[in-house]
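Line by line, the protein sequences give chains W and Y.
So the first sequence is numbered by the working numbering: it starts at 1 and just counts up by one.
So the second sequence is numbered by the working numbering: it starts at 1001 and just counts up by one.
Just so it is clear, CB atoms sit at the ideal spot from N, CA and C, and this is done for glycine as well.
Note that the structure is a prediction, hence the values are computed from the model and not measured.
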Amino acid sequence: MTIQHSEMQEARAASEVRRFLMQRGSGGVADRTFAALMLGCALSIFAIVALILGILILRSRLSLHEFGFSFFLRSDWDPVRGSFGAVPFIWGTLASAFLALLIAVPLALGVAVFINEMCPRALRAPISFLTELLAAIPSVVYGLWAIFVLVPIMRRSVGPFLKKFFGWTGLFHGPNFGIGLLTASMILAIMVLPVISSIARDVIKAVPNTQREGVLALGATRWEMVRIGVLRNARIGIVGAVILGLGRALGETMAVTMVIGNHAAIPKSLFAPAYTLASVIANEFTEATGDLYLSALIEIGLALFLVTIVVNAIARLLVFMVTRGNTARAV
Amino acid sequence: MVRGVRSVVPILLSCALLNGCKSSLQTGAPAADPGILTINGAGASFPNPIYSKWFAEYGRLHPNVRINYQPIGSGGGIRQVSLGIVDFGASDDPMTDAQLQQSSHPLLHIPTVLGAVVPVYNLPGISAEVRFSPEVLAGIYLGTITFWDDQKIIADNPGVKFPHEEILPVYRSDGSGTTFIFTDYLTKVSPVWAKQVGNSTSVKWPVGIGQKGNEGVAGMVREAPYAFGYVELVYALQNHMTFGLVRNGAGQWIKASPAAVTAAAEAQADTIPADFRVSLANAGGTASYPICSFTWLLVPQQSADATKGRQLHDFLLWMLSEGEQEAAAMGYAPLPRPVAERLKNTVASIR
């Protein structure tokens, strides 16, 4: 094996290309420099995360000392009395992000499957282009659109409809002003849709055609082919796309702030206003006076950081559990 | 040969570009001019329009002085001037005793203009100007008054037919001087509010939804029928919004205007303490508009740089004599004469 390997190397060394490259400079030095450079790039990720975490902990020292771990369990947010807790914000962040995924994932998968499996050629380019265009719209524009278009629709049509037909679920009681958790989730869903659908599209495209042909040859219908031949093979990539979308939904600030209602209480209904971690920082940081208040706001940043890490870890675990040893099993 | 030319062209081009940059840098760099004194300030965003105008005008009159102002918010202004990062600060709420002690150097509060907060509402089909008593204002935000046809609202507005619709209270979600003025007023007029909520740039609102900025609150009130909110008087005037009347301490229904706000400061002129840290909310006097406050510049008693101290002193004197006259035209209430006269003594002590 090694003899063969070194023989091959010699043969390559003798080649014209190798000789030309040898003339240009020392390959060994270049290789090592390149490796070191890439290692540096990779390590910089650790450095960035460590720096962010470090500064967040350092600056929230006062609040950490005052409230300890109970900061993440308290639901009071009262700048006047200096009593701070992160629960309503954590709740609002998670609820709006998961509701958004609930709306966006089926829609995004539908778009991705349609583009790859059944779209007429003439329609394919415009749909792909428009989905990517959605991703390029700044979030403040989404927020403005939500205030002027989505909020009135929610107030006049969608809200009363949900109340009438789904009121029995208990999710839609209380006054509906068009602003609140549900509206924020809908705007978030529209914002994460292009992220999820364009990655899912690429993943589905990468599924070998032989898989589709094989399933069809066994007598499957088109839906069965998509389910068994395509979605099943692409599911890891699709989960990856959903995780990326979730990341965007958790951290999105501007558009959410404009429509979520910014009320620091755990909402009892989908129509009720809520508050997210990112929004409270954006809202209150500039005018925060007092060291404890400022420190509590930075601890909110720390909470957002931890929430993101925990959610991502759970998602990774999910992927691991789904994929472990299951790839060969038939449906 | 061709290859040689190709590699030379970009070098020549970049040389030309670099030369161009260099010469433009040399010609367009007045900041390096040692003859110009730059004074930096930062703080409240509410008075930014009039401050910008004053500083630009003062700069034209005194070409050797340039005053930069960044509207980063009152909190940031207090922090930066306390640490000596900027030469002066600005704030919509006065510094507390603790904050003054923490400052690295003694600071003076210099009131510049007055701001007021007005109630805005969206009542389709009602053209009359609605009157809001202090109890109603507090009740709406405490969640004890939830419908427009509440007895307390009807009693103050004879002849107006209110619908049986739920009130949507809208408040500022971002920390703001506007919220400070409004909650300072509610704290003074409502014992329940004082006990349950209190006053600050952002508070724990019992009910309602939060929107960012005056434009956010105004936009929400315009868009949502039966909404109620509060905005800065300057904003309401500039955008020609209809706003409600408020009952003042003397029992009169007053519509906010720069004159009514100045009247509130004038009515309290004798009781204003020597350091000018005072709340004007619910001031006495028949013509006073009750929901108003000073906004302050935070100036070091003794600047680290003596020339800067002297220039700040000169600017403040100019502001009191000339600048104040421009305030009303921009919707800001100017300082009443007795206060301006007293302030001259304070300014004289600035080094």
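Host beta strand (DSSP E) of residue i (start-end)
i, result
"ILE1292 of chain Y", "Before going on, a small fix: residue 1292 of chain Y reads as Cys here, not Ile. Segment 1292-1300, the beta strand (DSSP E) holding CYS1292 of chain Y."
"ARG1066 of chain Y", "1065-1070"
"HIS1109 of chain Y", "1107-1121"
"LEU1280 of chain Y", "Here LEU1280 of chain Y belongs to no beta strand (DSSP E), and DSSP marks it neither H nor E."
"PHE1088 of chain Y", "1088-1091"
C-alpha distance - residue i paired with residue j, whole-angstrom precision
i, j, result
"VAL1278 of chain Y", "ALA1259 of chain Y", "19 Å"
"THR1346 of chain Y", "GLY1041 of chain Y", "19 Å"
"SER44 of chain W", "ILE1145 of chain Y", "56 Å"
"LEU51 of chain W", "ALA303 of chain W", "16 Å"
"LEU53 of chain W", "ILE300 of chain W", "12 Å"
"SER70 of chain W", "SER63 of chain W", "11 Å"
"ALA1090 of chain Y", "ASP78 of chain W", "24 Å"
"ARG248 of chain W", "MET38 of chain W", "27 Å"
"VAL1284 of chain Y", "ASN1248 of chain Y", "Correcting the residue type first, residue 1284 of chain Y is Gly in the shown sequence and not Val. Rounded to the nearest angstrom, the two C-alpha atoms are 7 Å apart."
"VAL242 of chain W", "LEU101 of chain W", "8 Å"
"GLY1125 of chain Y", "GLU1223 of chain Y", "15 Å"
"ARG1131 of chain Y", "ALA264 of chain W", "30 Å"
"LEU1172 of chain Y", "ASN1048 of chain Y", "In the sequence on display, residue 1172 of chain Y carries Arg and not Leu. Cα to Cα, ARG1172 of chain Y sits roughly 18 Å from ASN1048 of chain Y."
"ALA97 of chain W", "SER1074 of chain Y", "33 Å"
"VAL1197 of chain Y", "PRO1290 of chain Y", "19 Å"
"LEU1123 of chain Y", "ILE1140 of chain Y", "15 Å"
"LEU150 of chain W", "SER157 of chain W", "10 Å"
"ARG155 of chain W", "ALA146 of chain W", "12 Å"
"SER1176 of chain Y", "ASP1305 of chain Y", "31 Å"
"ARG1342 of chain Y", "GLN1302 of chain Y", "19 Å"
"LYS163 of chain W", "PHE148 of chain W", "22 Å"
"SER1321 of chain Y", "ALA1329 of chain Y", "16 Å"
"PRO194 of chain W", "GLY1229 of chain Y", "36 Å"
"PHE1046 of chain Y", "VAL141 of chain W", "25 Å"
"THR169 of chain W", "LEU270 of chain W", "11 Å"
"LEU1107 of chain Y", "GLN1101 of chain Y", "10 Å"
"PRO175 of chain W", "HIS1164 of chain Y", "14 Å"
"ASP1174 of chain Y", "TYR293 of chain W", "14 Å"
"VAL113 of chain W", "PHE84 of chain W", "46 Å"
"ALA220 of chain W", "LYS205 of chain W", "20 Å"
"HIS1105 of chain Y", "SER1082 of chain Y", "7 Å"
Status (buried if at least 16 other CB within 10 Å, exposed otherwise) for residue i
i, result
"LYS1308 of chain Y", "buried"
"PRO1336 of chain Y", "buried"
"GLY159 of chain W", "buried"
"VAL1261 of chain Y", "buried"
"SER1127 of chain Y", "exposed"
"ALA125 of chain W", "exposed"
"SER1349 of chain Y", "exposed"
"ASP1092 of chain Y", "buried"
"MET258 of chain W", "buried"
"LYS1212 of chain Y", "buried"
"ALA1256 of chain Y", "buried"
"TRP91 of chain W", "buried"
"PRO106 of chain W", "exposed"
Bridge partner(s) assigned by DSSP for residue i
i, result
"TRP1253 of chain Y", "Y:ARG1247"
"ARG1172 of chain Y", "Y:GLN1211"
"PHE1147 of chain Y", "Y:GLU1166"
"ASN311 of chain W", "According to the sequence shown, residue 311 of chain W is Val rather than Asn. DSSP lists no partner for VAL311 of chain W."
"ARG1131 of chain Y", "Y:LEU1245"
"TYR1230 of chain Y", "Y:PRO1119"
"ILE243 of chain W", "Its beta-bridge partners do not exist; DSSP assigns none."
"ILE1039 of chain Y", "Y:ILE1067"
"ALA1333 of chain Y", "Y:LEU1114"
Short CB-CB distance (under 8 Å) between residue i and chain A
i, result
"GLY1143 of chain Y", "Of the chains in the structure shown, none is chain A; the protein chains are W and Y."
Terminal residues of the alpha helix (DSSP H) in which residue i lies
i, result
"PHE129 of chain W", "121-136"
"LEU277 of chain W", "277-284"
"LEU188 of chain W", "181-205"
"LEU162 of chain W", "159-166"
"HIS173 of chain W", "Taken as a continuous stretch (DSSP letters only), HIS173 of chain W belongs to no alpha helix (DSSP H), as it is neither H nor E."
"VAL140 of chain W", "139-145"
"SER1082 of chain Y", "1074-1082"
"ARG1310 of chain Y", "1306-1321"
"ASP1097 of chain Y", "1097-1102"
*Can you list the alpha helix (DSSP H) stretches of 4 or more residues lying completely in the stretch 41-90 of chain W, in chain order?*
61-67, all fully within the stretch 41-90 of chain W.
*Fully enclosed by the stretch 225-272 of chain W, which alpha helix (DSSP H) runs are 4 residues long or longer?*
232-251 and 254-259
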